[in-house]
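Residue numbering for the sequence shown follows the working numbering, beginning at 54 and increasing consecutively.
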Amino acid sequence: MAFLVERERWPLWLPVLLALGVALYFSLPMEPPWYVGPVLTSVLISAAWILRRHGYVLLVLLALLAMALGLWAAQDRSARVAGPIQAAKLGPVSLTGTIADIETRSYGLRLSLRHGEIAKRPEWRAPRLIRLTLRGKQDPALAVGDRVRLRAVLMPPAGPAAPGAYDFARAAWFKQIGAVGYAVSRAEVLSNEKQGDFAAFTLRIAGWRHALSAHLRARLPGEAGAVAAALMTGDRGAIPEATMQAMRDAGLAHLLAISGLHVGLIAGWLFFSVRFLLALVPSLALYAPIKKWAAAAALSGAFAYMLLTGATVPTQRAFLMLALMMLAVILDRVAISFRLLAWAAVAVLLWAPESLLSVSFQMSFAAVVCLTAIYEGLAPIMTRWRSDAGPIKRSGLYLTAVLLTTLIASLATAPFALYHFNRVAMFGLAANLLAVPLTALFVMPCALAAYLLLPFGLEQLALVPMGYAIQAILWVAHGVAAWPGAVALVPAFSIAALTAMTLGGLWLCLWRGQWRYGGVLVIGLGIALATGGDPPDILIDGRGKAMAARLPNGNVLVAAPYRSNNITLTTWLRRWGRAAPIKDERIMRCDRLGCSLVHGAASVGFARDPRALEDDCRVADLVLSAVPVRFNCPSARMVIDRFDLWRRGAIAVRWRDGAINIEGANDHRGDRPWSRPKGRKAP
54 MAFLVERERW
64 PLWLPVLLAL
74 GVALYFSLPM
84 EPPWYVGPVL
94 TSVLISAAWI
104 LRRHGYVLLV
114 LLALLAMALG
124 LWAAQDRSAR
134 VAGPIQAAKL
144 GPVSLTGTIA
154 DIETRSYGLR
164 LSLRHGEIAK
174 RPEWRAPRLI
184 RLTLRGKQDP
194 ALAVGDRVRL
204 RAVLMPPAGP
214 AAPGAYDFAR
224 AAWFKQIGAV
234 GYAVSRAEVL
244 SNEKQGDFAA
254 FTLRIAGWRH
264 ALSAHLRARL
274 PGEAGAVAAA
284 LMTGDRGAIP
294 EATMQAMRDA
304 GLAHLLAISG
314 LHVGLIAGWL
324 FFSVRFLLAL
334 VPSLALYAPI
344 KKWAAAAALS
354 GAFAYMLLTG
364 ATVPTQRAFL
374 MLALMMLAVI
384 LDRVAISFRL
394 LAWAAVAVLL
404 WAPESLLSVS
414 FQMSFAAVVC
424 LTAIYEGLAP
434 IMTRWRSDAG
444 PIKRSGLYLT
454 AVLLTTLIAS
464 LATAPFALYH
474 FNRVAMFGLA
484 ANLLAVPLTA
494 LFVMPCALAA
504 YLLLPFGLEQ
514 LALVPMGYAI
524 QAILWVAHGV
534 AAWPGAVALV
544 PAFSIAALTA
554 MTLGGLWLCL
564 WRGQWRYGGV
574 LVIGLGIALA
584 TGGDPPDILI
594 DGRGKAMAAR
604 LPNGNVLVAA
614 PYRSNNITLT
624 TWLRRWGRAA
634 PIKDERIMRC
644 DRLGCSLVHG
654 AASVGFARDP
664 RALEDDCRVA
674 DLVLSAVPVR
684 FNCPSARMVI
694 DRFDLWRRGA
704 IAVRWRDGAI
714 NIEGANDHRG
724 DRPWSRPKGR
734 KAP
C-alpha cells in the first residue's frame with residue numbers, strides 16, 4: 054500500500070494537521086470555553102496511549118491530536134493577546150500616550166501609542182495599542198518614547214468591507230491594536246517616558262529604526278532612499294504610491310516586504326563572507342570548524358536585521374526558519390529539507406497561530422514547499438551538471454535556476470495572490486528575472502555593507518551603489534507595469550476554492566509515489582470552484598455611507614464620490630475584478646438625500662436621509678437605508694436599514710430567480726472577541 058511505503062513522509066503532514074486545527078478555531082461561530090483545548094488534547098492523548106497497538110486507529114487519533122493542538126494553540130494565543138477594544142466612535146478628545154512606533158507616510162505620520170489616557174474620562178479603558186494618523190508636518194519632531202498629548206478621534210478597528218473580505222479587526226486583535234483614529238491637532242511633547250527594562254529596550258530599538266530610516270532618506274534622496282529605508286528598517290511609508298503600484302503591477306511588491314528572501318540574503322552573504330575570510334587563515338581552515346562559526350555569525354546578523362526591520366511576525370517567522378537551518382549546519386545536518394521546513398511550520402503555528410490567515414505565511418510556505426519538492430527531485434541531475442561545468446556553463450545553469458525558481462514560486466503563490474489581491478502580474482516572470490538578481494547580488498550586499506560601515510560614518514560608500522541598483526529595479530518595475538495587459542483583474546472566489554487548491558498542492562508536493570498526482574485533480578476542483586463564483590449584485594457598507602452595484606455586463610456603479618484612497622470602495626471594485634467604476638445616470642441617479650437604481654427589472658432605493666424614505670418606500674422593490682426605518686414600506690419586497698447594518702455589517706445583495714438573497718459580513722464572523730467589542734451600542 055502506497056501509504057505504508059511512504060511512512061517516512063508522514064511527519065511532513067504534522068503542520069498541515071495543526072493548520073487544520075487552527076483553521077477550525079477561526080471558523081467557529083463563537084469563542085469556545087477555555088477548557089476545550091486542554092480537555093480535548095488530554096482525552097486524545099489518553100485514547101492514543103490506550104489504543105497504541107491498533108495501527109490505523111492510532112494514526113487517526115494522532116491526526117486528531119495534532120488538530121486539537123492547533124485549536125488549543127490558537128485559543129491560547131487569542132486569550133494571551135486579549136485587551137480592551139474601543140466600542141464606538143469617540144471624540145475629538147484630549148488623548149495622552151507614549152509613542153511606541155512611528156511610521157512615515159506620504160500624508161504625514163502614523164503613530165502607535167501605548168499607555169493611553171483621555172482627559173476627564175477616568176473610566177475609559179485604554180487599549181494596549183492605539184494607531185493614529187497625523188497629517189502634515191509635526192513640529193517639534195516626534196521620537197519613539199515621547200509622551201505626547203493631542204486631540205484625536207478614536208474608532209474601533211473596522212470589520213470586513215464585504216462578506217468574505219479581509220477582516221482588519223481580527224488582525225488588529227492579535228496585534229493588540231484596540232483603537233484606530235486620526236489626530237485633529239498637532240502633537241504636544243510632554244516628556245520622554247522611562248520604561249522598564251524590556252519596554253525600554255523595545256522603545257530604544259524602535260527609536261533607532263525611526264532615526265535610521267530618516268538618516269537613509271537624507272543620505273540617499275528620492276525614491277531610491279525611500280526603498281533603501283524600506284529594505285533596511287522595514288519603513289515603507291515614504292515610498293510614493295505610484296511607485297508601490299508599479300511594483301505591484303510588475304509583480305515585484307514582494308521585494309519591498311521584509312520576508313524570508315531578505316533575511317536569507319543577509320544571512321547568506323554574512324555566512325559566505327565570514328567563511329571566506331576565515332578560510333584565508335590556513336590554520337583555521339585546516340583545524341577549526343569555520344563553517345559552524347560562519348553559521349553562528351550569520352544567525353547573529355539575521356537576528357540583528359530582524360530587530361532593525363521591526364521584528365514583524367513575517368520577519369520573525371523568516372528568522373525562525375533560518376535559525377533552524379543554521380542550527381542544522383552547526384549540528385552537521387542537512388540545512389534545507391522537507392523535515393526542517395515541517396518543523397519550522399510547526400514552530401510558527403504553535404507560537405503565532407494567527408499567521409495561518411496571513412498572506413505572507415501562505416505565500417512564503419507555498420513557494421518554499423514547491424521549490425523544495427522540485428529541487429529534491431532535480432538535485433542528482435543538478436549536482437552532476439555542476440560537477441563538470443565550466444564558467445560559461447555554470448553561468449547558464451545559474452540563469453536557468455533563477456528562471457525556474459521564479460516560475461515555480463510564481464505558480465505556487467498565484468492562488469493566494471489571486472484570493473487576497475484579486476490581481477495577477479502577467480509579466481511578473483520577466484520582471485523578477487531582472488529584479489531578483491539585482492536584489493540578491495547588489496542591493497542586499499550593499500545594505501549589509503552599509504550596516505557595517507554606519508558606525509564609522511562611511512555608509513555612503515555602500516549606499517551610492519545600492520541606490521543605483523534600486524533605481525535599476527524601479528526602472529524595470531515602471532517599464533513592465535506600463536506594458537499593455539500587465540495586470541489581469543480576477544473576481545473574488547471562495548475560501549473553499551483556495552482550500553482545495555492548497556490541499557491538492559500539498560498532496561502533490563509532500564508525497565513521492567505515483568498516487569501524489571491525485572493532487573492535480575484536487576487542484577482542478579479548486580480552479581473549477583474559483584471560476585464558478587457568484588459575485589454579489591449590490592454591496593452596502595456597514596455604516597450605510599456607500600453603496601455600489603454590479604451590472605450584468607460587469608461594470609460597477611457607486612453611490613458615493615469615488616476616491617482611489619477610499620478603502621471600502623476600492624475593496625469592492627477589487628473583489629468584483631474592476632479597476633474603476635463608471636457613471637450612468639440612466640441607471641443610477643443620486644442627490645444629497647440618496648440614490649435610485651434600476652437593476653434589471655427591479656428598482657432599488659438608497660436613502661441617506663429620512664426624507665428620502667417616503668419616496669423609496671412607495672416605488673422601490675429593495676430599500677437600503679443608512680437611517681432606521683420605523684414604518685412599513687408597502688412596495689418594498691425587502692428593507693435593509695441602519696439596524697440591519699449594525700447587526701450584520703456590510704451587506705451583499707444577490708438577485709436570483711426573482712428572489713432577493715442577502716449576506717452580511719458578520720454572518721460568518723460569529724461572536725468572537727474581535728467581532729463584538731464590549732459596550733458596543735445600537736444606533
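Note that the Cβ used here is the ideal one computed from N, Cα and C, for glycine as well.
| Item | Value |
| --- | --- |
| Report all residues from its chain with a CB closer than 6 Å to the CB of Val651; omit the five preceding and five following residues, and keep chain order. | Ile640 |
| Thinking Pro209 and Ala295 are a contact (beta carbons under 8 Å), I'd like their distance in whole angstroms, please. | That belief does not hold up - the Cβ atoms of Pro209 and Ala295 are roughly 32 Å apart, past 8 Å. |
| Let me know the secondary structure DSSP gives Trp177 once reduced to three states. | coil |
| Going residue by residue through the stretch 518-589, where are the continuous beta strand (DSSP E) segments of at least 3 residues, counting only ones entirely within it? | 540-542 |
| Got a sec, what are the start and stop residues for the beta strand (DSSP E) Glu716 sits in? | Ala712 to Gly717 |
| Using a Cβ-Cβ cutoff of less than 8 Å, which residues in the same chain neighbour Leu360 once the five nearest sequence positions on both sides are dropped? | Ile258 |
| Taking DSSP's pairing of strands, which residues face Ile635 in a bridge? | Ile635 is not bridged to any residue. |
| Check the DSSP bridge columns for Val201 and list the partner residues they point to. | Gly150 and Val242 |
| Considering only residues of the stretch 343-408, which uninterrupted alpha helix (DSSP H) runs meet the minimum length of 4 residues and lie entirely inside it, listed in chain order? | 343-361, 366-383 and 391-404 |
| Suppose you measure from the CA of Gly732 to the CA of Ile138; what does that come to, to the nearest Å? | Low local confidence applies: a pLDDT of 49 at Gly732 is under 50, so the model's placement there is unreliable, and no value is given. |
| Roughly how many angstroms separate the alpha carbons of Met297 and Glu716, rounded to a whole number? | 33 Å |
| State the CB to CB distance for the pair Arg181 and Arg167, rounded to an integer number of angstroms; the pair is presumed to be in contact (CB under 8 Å). | 6 Å |
| Measuring alpha carbon to alpha carbon, tell me which residue in Glu276, Leu318 and Val316 is nearest Ala299. | Glu276 |
| Enumerate in chain order the residues of its own chain whose CB-to-CB distance from Ala179 is below 6 Å, with the five nearest sequence positions on each side excluded. | Gly169 |
| Which partner residues does Leu514 have in the DSSP bridge list? | Leu514 pairs with nothing; no bridge assigned. |
| For Gly702 versus Arg725, is the C-beta spacing smaller than 9 Å? | no |
| Tell me whether Gly732 sits in a helix, a strand or coil according to DSSP, three-state version. | The pLDDT assigned to Gly732 is 49, lower than 50, so where the model puts this residue is not dependable, and the model offers no usable value. |
| Check whether the Cβ atoms of Gly287 and Ala196 lie closer than 9 Å to each other. | no |
| Considering just the uninterrupted stretch of the beta strand (DSSP E) at Leu600, what are its terminal residues? | A small fix is needed here, since residue 600 is Met in this sequence, not Leu. Where Met600 is concerned, the enclosing beta strand (DSSP E) stretches over Met600 to Arg603. |
| Tell me the DSSP secondary structure of Tyr472 in three-state form. | helix |
| I need the straight-line Cα distance from Leu308 to Trp528, nearest angstrom please. | 14 Å |
| May I ask which residues mark the beginning and end of the alpha helix (DSSP H) holding Thr94? | Val89 to Ile103 |
| Look at the alpha carbon of Gly212 and the alpha carbon of Ile620, and state the distance between them as a whole number of angstroms. | 12 Å |
| Along the chain, where does the beta strand (DSSP E) that runs through His652 open and close? | Gly647 to His652 |
| Indicate whether Leu666 and Ile593 have their beta-carbon atoms separated by less than 9 Å. | no |
| So, Trp625 versus Ala224, is the Cβ gap smaller than 9 Å? | no |
| Nearest CA to the CA of Phe546: which residue from Pro537, Leu486 and Gly630? | Gly630 |
| Throw me the rounded Cβ distance for the Ala632 and Leu542 pair, which I believe falls under 8 Å. | 6 Å |
| Smallest Cα separation from Arg661: which of Arg683, Asn685, Asp694 and Arg671? | Asp694 |
| Given a cut-off of 9 Å on the beta-carbon distance, is the pair Cys648 and Met691 in contact? | no |
| What are the start and end residues of the alpha helix (DSSP H) that includes Arg642? | Element bounds for Arg642: not the alpha helix (DSSP H) but the beta strand (DSSP E), Met641 to Cys643. |
| By Cβ distance below 7 Å, which residues in the same chain neighbour Ala689 in space, the five residues on each side in sequence not counted? | Cys670, Ala673, Asp674, Leu675 and Val676 |
| If you run the structure through DSSP and keep just helix, strand and coil, what is Asp302? | helix |
| Look at the alpha carbon of Val682 and the alpha carbon of Leu409, and state the distance between them as a whole number of angstroms. | 41 Å |
| Please go through the same chain and pick out, in chain order, the residues whose beta-carbon is closer than 8 Å to the beta-carbon of Ser463, but skip the five residues on each side of it. | Gly304, Gly481, Leu482 and Asn485 |
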